[in-house]
Amino acid sequence: MWNQIYCGDCENILKIFPENSIDLIVTSPPYADQRVKTYGGVSPDDYVDWFLPKSAEFLRVLKPTGTFILNIKEKAVNGERHTYVLELILALRKQGNHVW
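Counting from 12, one number per residue, gives the positions in the sequence shown under the numbering used here.
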């Protein structure tokens, strides 16, 4: 499987990979409520529940020495910073990810 690009929803694509088979996952998922026309938009209140199934697949396919890099942006709602990024970090830790 060298030098291949897979295009599709990661929850579906990663199912074809065996456990502990990937060294690196880099992802920049849609930010909360951004690009609604392009990505459908995920509300900040629903973001953690939306993302955790994806990160469960990442955790399954990553080698024990593998790395998962997440690029994510915070969002202000009504002049206050929404806590969805912090909530996601805590949920990822509970899921078994090591957060740096």
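Beta carbons: idealized from backbone N, C-alpha and C, even for Gly. If you're wondering where the values come from, they're calculated on a predicted model, not measured in any experiment.
Taking its Cβ as the centre, do 16 or more other Cβ atoms sit within 10 Å of residue i, making it buried, or is it exposed?
i    : result
Y17  : exposed
S32  : exposed
S39  : exposed
L99  : buried
L97  : exposed
I27  : exposed
V37  : exposed
L101 : exposed
P64  : exposed
Is the CB-CB distance between residue i and residue j below 8 angstroms?
i   : j   : result
D20 : G77 : no
P41 : V53 : yes
K86 : H93 : yes
In the DSSP output, which residue or residues are listed as bridge partners for residue i?
i   : result
R92 : A87
F79 : I36
- Fully enclosed by the stretch 15–51, which beta strand (DSSP E) runs are 3 residues long or longer? Whole beta strand (DSSP E) segments, 3+ residues: 33–38.
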